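Numbering (my numbering), first residue to last: 109 to 214.
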Amino acid sequence: MIENLSSCDECPEGMVKNEAGRCVMPQVTFTSFILSLNTSALFHMGELPHPESGEKVVDSDLAKHTIDTLGLLAEKTKGNLEVDEQELLTRVLYDLKMKFVSLPRP
Numbered sequence: 109m110i111e112n113l114s115s116c117d118e119c120p121e122g123m124v125k126n127e128a129g130r131c132v133m134p135q136v137t138f139t140s141f142i143l144s145l146n147t148s149a150l151f152h153m154g155e156l157p158h159p160e161s162g163e164k165v166v167d168s169d170l171a172k173h174t175i176d177t178l179g180l181l182a183e184k185t186k187g188n189l190e191v192d193e194q195e196l197l198t199r200v201l202y203d204l205k206m207k208f209v210s211l212p213r214p
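As structure tokens, then:
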């Protein structure tokens with residue numbers, strides 16, 4: 109884990125306080141990884157605004173790539189996940205695919 113060398117009152121965006129009160133990057137877990145890819149796909153489908161501009165942009169190629177990445181993970185991890193991890197991955201993948209097929213086509 110990457111740690112900030114000094115304690116902080118408020119952590120920068122994306123960081124959390126550890127037990128010692130230092131701002132650190134959150135621990136990487138399978139769940140956080142899946143949720144990160146989910147957020148990325150939602151962003152590319154125009155479901156989430158850009159954090160700086162507030163603009164919503166659809167990039168269906170990048171959305172599909174992210175969904176395909178989740179599909180690859182589902183295939184390669186089959187039988188090796190805990191029940192809650194498998195359920196999360198299955199649900200996220202299903203929800204993203206349903207949103208993707210309803211995207212307006214150019």
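C-beta: ideal position from N, C-alpha, C; glycine also.
As the structure is a prediction and not an experimental result, all values here were calculated from the model.
(Q) Using only the alpha-carbon positions, how far apart do Asp167 and Glu160 sit? (A) 17 angstroms
(Q) Measuring CB atoms only, is the stretch 201 to 208 touching the stretch 163 to 179, in the sense that at least three cross pairs come out at less than 8 angstroms? (A) yes
Q.
Under 8 angstroms: do the stretch 116 to 132 and the stretch 147 to 157 share three or more Cβ pairs, one atom per stretch?
A. no
(Q) Could you pull the DSSP bridge partners for Lys125 from this structure? (A) Cys131
Q. CA-CA distance, Leu145 and Cys131?
A. 23 angstroms
Q) Are the beta-carbon atoms belonging to Phe138 and Glu193 less than 8 angstroms from one another? A) yes
Q: Excluding the 5 residues preceding and the 5 following Lys179 in the sequence, name in chain order all residues of the same chain whose CB lies nearer than 8 angstroms to its CB.
A: Note on residue identity: the sequence assigns Gly, not Lys, to residue 179. So the qualifying residues of the chain are Leu201.
Q) For the alpha helix (DSSP H) that Asn188 lies in, which residues bound it at each end? A) Careful: Asn188 lies outside any alpha helix (DSSP H) and carries neither H nor E.
Q.
On the criterion of 16 or more Cβ atoms from any shown chain inside 10 Å, does Leu235 qualify as buried, or is it exposed?
A. Examination of residue 235 is not possible in this model, given that the chain is present from 109 through 214 alone.
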